[in-house]
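All remarks here apply to the structure that follows.
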Amino acid sequence: MIRKMRFASLFYDRDVEGLKISLTRFFTIAEKQKEQNFQKIRSRICMIPHAGHIYSGGVTASTLASITLPKKCIILCPNHTGNGKKFAVWEKGAFETPLGTMEIDKETSTKILQNPIFSADYKAHEQEHSIEVILPFLQFKSECIKIIPICLADFNDIDKVAQTILICLAEDEDLGLIVSSDMNHFATEQENKRKDFLAISALEQLDEKQLIDVVQKENISMCGVLGAYIAILAAKNLGYKKGTLVEYDTSATQSLDFNRVVGYAGMYFN
299 MIRKMRFASL FYDRDVEGLK ISLTRFFTIA EKQKEQNFQK IRSRICMIPH
349 AGHIYSGGVT ASTLASITLP KKCIILCPNH TGNGKKFAVW EKGAFETPLG
399 TMEIDKETST KILQNPIFSA DYKAHEQEHS IEVILPFLQF KSECIKIIPI
449 CLADFNDIDK VAQTILICLA EDEDLGLIVS SDMNHFATEQ ENKRKDFLAI
499 SALEQLDEKQ LIDVVQKENI SMCGVLGAYI AILAAKNLGY KKGTLVEYDT
549 SATQSLDFNR VVGYAGMYFN
């Protein structure tokens, strides 16, 4: 089944050539910012934002320009709509963008769905933007060519969900994990940064308990926190020692509205 693009013209350019031009610009800027002798890090786990490209595209490009991903990746996204099942897997087919389609890795999705806590469910994904928006970056300049989209909607049983994903990563060295997440929403620039860097600190330290504690205590509206929690567990299971922040920005850079901003962080784990 093909998941048709829903958010072209809203979050990014529907026109193929226009989209390629903007992606080229994002990656050119990202690569110019790297040191002269910079070499990409091979990482199997990263976190990138999913806002409109004009707002978060620079962070996404900078992160992907810093790492080499496996050829197939599980993508964990939040459920912004409330539709569908709690742990929804797009089982087969492909996701469409103006640049073409990204094929679902049916072998991995079938393996994940052997755990009944997951559901083969398209409804959760049909109106969810947080995977579609990042796919053009993967299509344009990434080693990842197959995906396994999973929409997460409930903290209950998240450790059971994580365990299945950890097993898949441990058994397949050609499989990676991408978390689609923005950071805090709609505080002032100063307050947003304060909150965001509390969460980023927990991610850098690979401390999943601290991440949940600080998000709850500080009321941080980090929409992809469930995926980030799983990413920390996966990173530790693979022997990674830290999370590395590549770039941070807020919507105020483009909107110039410093009273109601959204934060964006790009990270990889190594």
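Everything in the sequence shown is counted per my numbering, starting at 299 for the first residue and increasing by one. Note that the Cβ used here is the ideal one computed from N, Cα and C, for glycine as well.
Looking at the unbroken beta strand (DSSP E) that takes in residue i, where does it start and where does it end?
i	result
Leu450	444-450
Ala386	385-387
Taking the DSSP output, what are the residues bridged to residue i?
i	result
Ala392	Ile300, Glu401
Ser478	Ile346
Leu374	Ile448, Val477
Glu489	BP columns for Glu489 are empty, so no partner.
Met565	Met345, Leu543
Tyr310	Ala306
Tyr510	Note on residue identity: the sequence assigns Ile, not Tyr, to residue 510. Paired residues: none, contrary to the question.
Ala418	Val387
Assign residue i to one of two classes, buried (16 or more other C-beta atoms within 10 Å of its C-beta) or exposed (fewer than that).
i	result
Leu554	exposed
Arg301	buried
Ser307	exposed
Val560	buried
Thr361	buried
Lys370	buried
Asp547	buried
Lys384	buried
Asp472	exposed
Suppose the cutoff is 6 Å on Cβ atoms and the five residues either side in sequence are ignored; what does the same chain contact list for residue i look like?
i	result
Ala359	Phe324, Phe325, Ala328
Ala460	Ile528, Leu531
Leu464	Ala532, Asn535
Phe484	Arg558
Leu467	Leu473, Ala532
For residue i, which residues from the same chain have a beta carbon less than 7 Å from its beta carbon, with the 5 sequence-adjacent residues on both sides left out?
i	result
Gln437	Thr395, Leu397, Gly398, Met400
Asn490	Asn482, Thr548, Val559, Gly561
Tell me which residue opens and which closes the alpha helix (DSSP H) that residue i is part of.
i	result
Thr326	314-330
Ser553	550-553
Lys458	456-469
Tyr353	351-362
Gln437	433-439
Assuming the contact rule is C-beta atoms closer than 8 Å, residue i and residue j should be a hit. Round their C-beta distance to whole Å, please.
i	j	result
Ser478	Ile346	7 Å
Thr379	Gln425	5 Å
Leu543	Met520	Going by Cβ atoms, the distance from Leu543 to Met520 rounds to 14 Å, so no, they are not a contact pair.
Ala526	Leu496	That pair is no contact at about 13 Å.
Looking only at its own chain, which residues have a Cβ that is under 8 Å from the Cβ of residue i, when we skip the five neighbours before and after it?
i	result
Gln503	Lys540, Gly541
Ala349	Phe309, Val431, Asp480, Ser549, Val560, Tyr562
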